[in-house]
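Just so you know, the UniProt record's numbering puts 178 at position 178 of the sequence shown, and the rest follows in order with no gaps.
For each residue, glycine too, the CB sits at the ideal point set by N, CA and C.
First the structure, in the form of structure tokens, and then the observations on it.
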Amino acid sequence: MEDQIINIIVIGVLSWTTLFFITRIVFKNHSFEFCTRIVSTIHATLAVTFASLSVQDWSCPVCPLASKSSLKQRQTLAVTISYLIYDLICCLFDKNTVKLDSSIHHLVSIVGLAAGLAYQKCGSEMVAALWITEMSTPLLHLREILKEIGYKDTGINLAVDIGFAIVFTSARMICGPYLTYVTLSANNPVLIKAMALGLQLVSAFWLYKIVRMVQYKLSKWISSSSSSKTIPSISTHHEQNGKDR
Numbered sequence: 001m002e003d004q005i006i007n008i009i010v011i012g013v014l015s016w017t018t019l020f021f022i023t024r025i026v027f028k029n030h031s032f033e034f035c036t037r038i039v040s041t042i043h044a045t046l047a048v049t050f051a052s053l054s055v056q057d058w059s060c061p062v063c064p065l066a067s068k069s070s071l072k073q074r075q076t077l078a079v080t081i082s083y084l085i086y087d088l089i090c091c092l093f094d095k096n097t098v099k100l101d102s103s104i105h106h107l108v109s110i111v112g113l114a115a116g117l118a119y120q121k122c123g124s125e126m127v128a129a130l131w132i133t134e135m136s137t138p139l140l141h142l143r144e145i146l147k148e149i150g151y152k153d154t155g156i157n158l159a160v161d162i163g164f165a166i167v168f169t170s171a172r173m174i175c176g177p178y179l180t181y182v183t184l185s186a187n188n189p190v191l192i193k194a195m196a197l198g199l200q201l202v203s204a205f206w207l208y209k210i211v212r213m214v215q216y217k218l219s220k221w222i223s224s225s226s227s228s229k230t231i232p233s234i235s236t237h238h239e240q241n242g243k244d245r
């Protein structure tokens, strides 16, 4: 791995950590998780931007396949590795919950991205995977941020839930299977192919959970709306009976 890429990773870890402490100072009345979500949203925005800028040919965003990574692609992946290292440390220091699933996810992602940087191959495929996975992250975090600032079970929270489900489904279940197919078909290292297949399987499982979440939220919203309409009508009925008496 080149010295320039290593420097980006080291500086990146320090930068994400500094940004987290600044966020904790600015939002001192909010939770630890609230601040990590702010930082994660910033990373997702940068990751999608850098991934888009590193695309060599928009007529075929994942081309050239199984080729040597460009410098922009390696820099983009290095920024994300630095974020994942920082966030892995945050997972270990979160006093409220020990996020074992997130820790394992981060470790696997770090190993996979580092392997891509070491091979200096699969840059197009890995950057495309980064673009797909981070596209829905801002809405994912906005859902929880809204809850903490008092917008739980509101119309805006429901709208964000539905928006998140649409973006996630579009990215992971439309673009994702195509990326998995071309990655498995190309002459890529076995580790990269295994990660592509694993990512798609995990995405399918998460989609199942998201569909159930949206169904629950919609049924709860409809039930709440029906109840709010029923109560005034009952009150009006009682008032009318009182007048008749």
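Q: Let me know the secondary structure DSSP gives residue 209 once reduced to three states.
A: helix
Q) What residue from 124, 93, 136 and 9 has the CA that sits closest to residue 60's CA? A) 124
Q. Quick one: what does DSSP say residue 217 is sitting in, helix, strand or coil?
A. helix
Q) In angstroms, rounded to a whole number, what distance separates the CA positions of residue 248 and residue 221? A) With the chain running from 1 to 245 in the structure shown, residue 248 is simply not present.
Q | Closest residue to residue 67 among 16, 121 and 57 (Cα-Cα distance) | A | 121
**Q.** Cβ-Cβ distance between residue 165 and residue 210 below 8 Å
**A.** yes
**Q.** Whole runs of the alpha helix (DSSP H) within the segment 69-140, excluding any shorter than 4 residues
**A.** 71-93, 100-119 and 123-134
Q: Return helix, strand or coil for residue 235, following the three-state DSSP convention.
A: Because the pLDDT of residue 235 is 45, which lies under 50, any placement of that residue in the model is unreliable, and the number read from its coordinates should be weighed accordingly. Correct three-state label for residue 235: helix.
Q: Evaluate residue 58 with the Cβ neighbour count: other Cβ atoms within 10 Å of its Cβ, from every protein chain shown; 16 or more gives buried, anything less gives exposed.
A: exposed
Q) Contact between the segment 22-36 and the segment 79-97: three or more CB pairs below 8 Å? A) yes
Q | Nearest-angstrom beta carbon gap, residue 82 and residue 13 [assumed within contact, 8 Å] | A | 5 Å
**Q.** For residue 56, three-class secondary structure by DSSP
**A.** coil
(Q) Beta-carbon within less than 8 Å of residue 147's beta-carbon, same chain only, minus the 5 sequence neighbours each way: which residues are those? (A) 157
Q | Assigned exposure category for residue 235 - 16 Cβ within 10 Å defines buried | A | With a pLDDT of only 45 at residue 235, under 50, the local geometry of the prediction cannot be trusted, and no value is derived from it.
**Q.** Where residue 63 sits in the DSSP three-state scheme
**A.** coil
Q: Take residue 224 and list the residues in its own chain whose beta-carbon comes closer than 8 Å to its own, dropping the five residues that flank it on each side.
A: 153
Q | residue 203 beta carbon less than 8 Å from that of residue 163 | A | no
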